[in-house]
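First up is the structure itself, then whatever we jot down about it.
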């Protein structure tokens, strides 16, 4: 590392022999799989102009030829020529580690990465995101060397860096140690963040209908990582290096490439591109047959086409790794077209068939790329005006770039002329583009152009009467026209359309809230009675609440959440080994066991905390009583609370203990004792909201609905934050068909939410 960071750029600039020609020759040789010739050309360049990046290419060619010893030597030369460049050091160290891994030389792998970590320690989340593959190789090698303690220590050190890459490493270590539960965690992980692994739909492509067992998930994960590591040799992102890998100068603003990928390789190419960093995902686009205009005429439906486009300064400035991407893709491409707009300024998007081979040429103007793309499509359509399939494709493109949020009218920008223009174009090419009709109708509605908006929604329901959104907006517009009868009909149709989408439920709820207001003010204008409206509105509220609760429970009960608790538990146990009488850690241990439903262990931890002594004795007593109840030890829980009650002097705390005893008896089914303790508690403190909450549940069990509603109102008055608790309470389900319940728990409250609990 002796040369300046800009050595490569300087060499290319000063090179009397055009490097571009040599580099393109290497690309050509690589493409036709003449690796020896490519290697010879690369070595010739390195002999005359030693250069770190060309040494990396030389090493890659040696690897392709299975000459790993020579590859390692080339990477060491790359280190020497790299200069003081952390990004090149980052890249080369990873490649060296990969070489050692493939040769099973684990000690050399560990030495290489330990040296790298020494010079470039991981200090923040961003650095871990850049080095997670280094850590992956390092951790796996340590496990193969039977050093799990060091793996645990490293994972503990990385714990503070909260990022998906850390979760990736946890999964990797879990699989490597055959820890159960990581199959489900991995399935959630790839569905949540596909940056470093395949999406679930790729599992379906491979015939995996979700993972059947832990081994299935582990195998799929290892295959993904293998591809990730292999292709990283040529695709690792150099985020800020300013090289000029291809001698290129141009006044134009854009650059475009289209590659036709050989069918046997299309899947792995798709998979690898989806693993790339987000910045590169925005540049490289996989084009399916339906996304390429005119494909049915000239392009091969069975092939995969990859379009690469980006502003020139990005390709050859901050994104200097473009040459790596191209070098890799060239191995699998049958046909490549590299087009610069200034060279084809009179061209438009078109396809030419020559000797049975397809050539695709895209023209981008010097203004906005997207607008030029859309304009180009229009020119294509003019030349193929009778091609209905092509018109549908172009209509879809315009609609894609003009759509709005269908279920959130507040998100519509009132001055969004661009969206309107694109949606109008979409409807010109395909008047039955239902997505465009709905989006255009929403924008017109937001601009108070109700007449034209109504026409869009009426056309939409003629095409598909089962779409909920047009019925909602038609009802709103008909009300503005004082046509209450037809508006009611639209809202009733909306209600009958089945949907478990919460946003659609919100539209239904809003529609029936409007009908309810009309029923109060002008009941004679409606066919539906106020009772039926309120009944349906209550049902919608109940359905939405259950969906939200189900979603929350899935998150809380997910393996990911459980694993987080287990990680916290492991950390707590580890810390307690060092300080076994740290009462805060003992209480935390009890909480971890409690939330993992390990109530017997929670009881043990809470009892230990009380023996040691803690300022939180009162709170720990309540946690212990709850754990004892869930552990089917109600008698012991009652004795504990009664003992605490005898020693307690504070009326407020006595009320809390009596309330806890009332809850305990309620859980045991003893309504008489529950009522007795609850009355004693409320005599001591009538402003403790939880007592009113318990009373509401107790009265519900007795069927006293009106008194229950009074208790709910009092609970909310004392603490408005308890509304969601009441809304989700299963014990109150019998009340949820009563609109008065929802009026209480959903009605906005004044600023009186005093925290007295």
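Numbering (UniProt numbering), first residue to last: 1 to 757. From the three backbone atoms N, C-alpha and C, an ideal C-beta is built for every residue, glycine too.
(request) Look at the alpha carbon of residue 688 and the alpha carbon of residue 710, and state the distance between them as a whole number of angstroms. (result) As a first step, residue 688 must be located in the chain shown, where it is residue number 688. As a first step, residue 710 must be located in the chain shown, where it is residue number 710. So the two alpha carbons sit approximately 15 Å from each other.
(message) Could you compute how far the alpha carbon of residue 544 sits from the alpha carbon of residue 488?
(response) Here residue 544 refers to the residue found at position 544 of the chain shown. Here residue 488 refers to the residue found at position 488 of the chain shown. Going by the C-alpha atoms only, they are around 22 Å apart.
(request) Would you mind sorting residue 408 into buried or exposed? The rule is 16 or more other CB atoms within 10 Å of its CB. (result) Taking the first residue of the chain shown as 1, we reach residue 408 at position 408. Only weak support is given to the placement of residue 408: the predicted model assigns it a pLDDT of 47, under 50, and the value that follows is read from those uncertain coordinates. Result: exposed.
(request) Taking the CB atoms as reference points, tell me whether residue 712 and residue 744 lie closer together than 8 Å. (result) Working through the chain shown from its first residue, we reach residue 712 at position 712. Working through the chain shown from its first residue, we reach residue 744 at position 744. Yes. Within cutoff.
(message) Tell me the DSSP secondary structure of residue 702 in three-state form.
(response) Here residue 702 corresponds to residue number 702 of the chain shown, with the count starting at 1. Note: residue 702 maps to coil in three-state DSSP.
(request) Look at the Cβ atom of residue 169, then the Cβ atom of residue 116, and state whether they are nearer than 8 Å. (result) Your numbering for residue 169 matches position 169 in the chain shown. Your numbering for residue 116 matches position 116 in the chain shown. No, the pair does not count as a contact, with Cβ atoms beyond the cut-off.
(message) Which residue marks the beginning of the alpha helix (DSSP H) containing residue 146, and which one marks its end?
(response) Working through the chain shown from its first residue, we reach residue 146 at position 146. Unbroken run through residue 146: none, as it is neither H nor E.
(request) Would you give the residue range spanned by the alpha helix (DSSP H) that residue 76 belongs to? (result) Taking the chain shown and counting its residues from 1, one reaches residue 76 at position 76. Residue 76 -> alpha helix (DSSP H) spans 68–81.
(message) For residue 484 and residue 519, what's the separation of their Cα atoms in angstroms?
(response) Start at 1 with the first residue of the chain shown, and residue 484 comes out as number 484. Start at 1 with the first residue of the chain shown, and residue 519 comes out as number 519. Distance between the alpha carbons of residue 484 and residue 519: 11 Å.
(message) With three or more beta-carbon pairs closer than 8 Å as the criterion, would you say the segment 71–78 touches the segment 88–108?
(response) yes
(message) Tell me which residues share the same chain as residue 572 and place their Cβ nearer than 8 Å to its Cβ, disregarding the 5 neighbours each side in the sequence.
(response) The sequence position of residue 572 within the chain shown is 572, counting from 1. Answer for residue 572: 585, 588, 589, 592, listed in chain order.
(message) Give me the residue from 493, 385, 731 with the minimum Cα distance to residue 703.
(response) Counted from its first residue, the chain shown places residue 703 at position 703. When each option's Cα is compared against that of residue 703, the closest is 731.
(request) For chain D, find out if any of its Cβ atoms is closer than 8 Å to the Cβ of residue 732; answer yes or no. (result) No chain D appears in the structure shown, which is made up of a single protein chain.
(message) On the DSSP letters alone, give me the boundaries of the alpha helix (DSSP H) that residue 40 sits inside.
(response) Indexing the chain shown from 1 puts residue 40 at position 40. First-last of the alpha helix (DSSP H) with residue 40: 35–48.
(request) Within the same chain, show all residues whose beta-carbon is closer than 8 Å to that of residue 737, passing over the 5 residues directly before and after it, in chain order. (result) In the chain shown, counting from the first residue as 1, residue 737 sits at position 737. So the qualifying residues of the chain are 535, 538, 539, 542.
(request) Would you check if the distance between the CB atom of residue 460 and the CB atom of residue 395 is smaller than 8 Å? (result) Here residue 460 refers to the residue found at position 460 of the chain shown. Here residue 395 refers to the residue found at position 395 of the chain shown. Contact: no.
(request) State buried or exposed for residue 54, treating a residue as buried only when at least 16 other CB atoms are found within 10 Å of its CB. (result) Residue 54 sits at position 54 when you count from the first residue of the chain shown. By the 10 Å Cβ count, residue 54 comes out buried.
(message) Can you give me the C-alpha to C-alpha distance between residue 717 and residue 527, rounded to a whole angstrom?
(response) For the purposes of this step, residue 717 is taken as the residue at position 717 of the chain shown. For the purposes of this step, residue 527 is taken as the residue at position 527 of the chain shown. So the alpha carbons of these two residues sit roughly 37 Å apart.
(message) Quick check: the segment 143–155 against the segment 111–125, are at least 3 beta-carbon pairs closer than 8 Å?
(response) Verdict: no, contact absent.
(message) If the criterion is Cβ atoms closer than 8 Å, does the pair residue 35 and residue 61 meet it?
(response) Looking up residue 35 in the chain shown gives position 35. Looking up residue 61 in the chain shown gives position 61. Yes. Within cutoff.
(request) Have a look at residue 423 and residue 430 and give me their C-alpha separation to the nearest angstrom. (result) As a first step, residue 423 must be located in the chain shown, where it is residue number 423. As a first step, residue 430 must be located in the chain shown, where it is residue number 430. Here the alpha carbon of residue 423 sits roughly 10 Å from the alpha carbon of residue 430.
(request) Quick one: using the 10 Å Cβ neighbour count with 16 as the cut-off for buried, is residue 501 buried or exposed? (result) Position 501 of the chain shown holds residue 501. Exposed, because fewer than 16 other Cβ atoms sit within 10 Å of the Cβ of residue 501.
(message) Suppose contacts are defined by Cβ-Cβ distances below 8 Å. Is residue 434 in contact with residue 466 by that definition?
(response) In the chain shown, counting from the first residue as 1, residue 434 sits at position 434. In the chain shown, counting from the first residue as 1, residue 466 sits at position 466. No.
(message) Can you look up residue 544 in the DSSP assignment and give me helix, strand or coil?
(response) Reading the chain shown from its first residue, position 544 is the one you call residue 544. When secondary structure is reduced to three states using DSSP, residue 544 falls in the helix class.
(message) Residues in the same chain with beta-carbon distance under 8 Å from residue 678, minus the five sequence neighbours each way, listed in chain order, please.
(response) Within the chain shown, residue 678 is the residue found at index 678, counting from 1. Counting only Cβ-Cβ distances below 8 Å, and skipping sequence neighbours, we find 658, 659, 662, 691, 694, 695, 698.
(request) Return the residue from the list 565, 647, 669, 682 that minimises the CA-CA distance to residue 656. (result) In the chain shown, counting from the first residue as 1, residue 656 sits at position 656. Considering only alpha carbons, the answer is 682.
(request) Answer with buried or exposed for residue 612, where buried requires no fewer than 16 other C-beta atoms within 10 angstroms of its C-beta. (result) Here residue 612 is taken as the residue at index 612 of the chain shown, counted from 1. Flag for residue 612 reads exposed.
(message) Tell me the rounded alpha-carbon separation between residue 108 and residue 172.
(response) Counted from its first residue, the chain shown places residue 108 at position 108. Counted from its first residue, the chain shown places residue 172 at position 172. C-alpha separation (whole angstroms): 21 Å.
(request) Locate the alpha helix (DSSP H) running through residue 161, then write down its first and last residues. (result) In the chain shown, the residue the question calls residue 161 occupies position 161. Segment: none, residue 161 is in no alpha helix (DSSP H) and carries neither H nor E.
(message) Quick check on the burial criterion: 16 or more other C-beta atoms within 10 angstroms. Buried or exposed for residue 700?
(response) Along the chain shown, read from residue 1 onward, the residue named residue 700 stands at position 700. Buried.
(request) Could you say which of 390, 425, 58 lies nearest to residue 42 if we only look at CA atoms? (result) Looking up residue 42 in the chain shown gives position 42. The option with the nearest alpha carbon to residue 42 is 58.
(request) Throw me the rounded Cβ distance for the residue 177 and residue 139 pair, which I believe falls under 8 Å. (result) For the purposes of this step, residue 177 is taken as the residue at position 177 of the chain shown. For the purposes of this step, residue 139 is taken as the residue at position 139 of the chain shown. Contact flag wrong, Cβ pair sits at about 10 Å.
(message) Output needed for residue 486: all residues of its chain with C-beta closer than 6 Å, excluding positions within five of it in sequence on either side, in chain order.
(response) Counting from 1 along the chain shown, the entry for residue 486 is found at position 486. The residues are 478.
(message) Using CA atoms only, rank isn't needed, just tell me which of 654, 670, 671, 664 is closest to residue 680.
(response) By one-based count along the chain shown, residue 680 stands at place 680. Of the candidates 654, 670, 671, 664, the one whose C-alpha sits nearest the C-alpha of residue 680 is 654.
(request) Leaving out five residues on either side along the sequence, give the residues of the same chain with a beta carbon under 8 Å from the beta carbon of residue 75. (result) Translated into positions along the chain shown, residue 75 becomes position 75. Cβ within range, chain order: 55, 56, 59, 92, 95, 96, 99.
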